[in-house]
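As numbered in my numbering, the sequence shown has no gaps in its residue numbers, which increase by one up to the final residue, 54. Virtual Cβ for every residue (Gly too), placed ideally from N, Cα, C. Computed from a predicted structure; not experimentally measured.
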Amino acid sequence: MLRKLYEAGIMVAAASSKPQPLIDKLMIYFDIGQYFEFTLGSNPADELKNQSGEDAKTKIVTA
């Protein structure tokens, strides 16, 4: 399905509350990164320090 969307010129993005480094690793592991225009995950440093100032899920949904 991802390949068909890519070949049709449809942009695909991924958003998750998981840390961005994990998302990057999963894209590499499953060899699917080329099908996504961009990905967005949480920032581990912000989560640990609680500096984001907003709920992580709200931050991702509004991005």
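Burial state of residue i, where buried means 16 or more other Cβ atoms lie within 10 Å
i	result
I14	buried
Cutoff 6 Å; reference residue i; Cβ partners in own chain excluding five residues on either side
i	result
A5	F27, T30
G66	Absent from the model: residue 66. The displayed extent of the chain is -8 to 54, so no value can be given.
Residue i in three-state terms, based on DSSP
i	result
G0	coil
Same chain, Cβ closer than 7 Å to residue i, neighbours up to 5 away in sequence not counted
i	result
I23	L(-7)
Enclosing beta strand (DSSP E) for residue i [first to last residue]
i	result
F21	Unbroken run through F21: none, as it is neither H nor E.
F27	First-last for F27: undefined, no H or E at that position.
Residue(s) in a DSSP beta bridge with residue i
i	result
A6	L31
Cutoff 8 Å; reference residue i; Cβ partners in own chain excluding five residues on either side
i	result
L(-4)	V3, Y26
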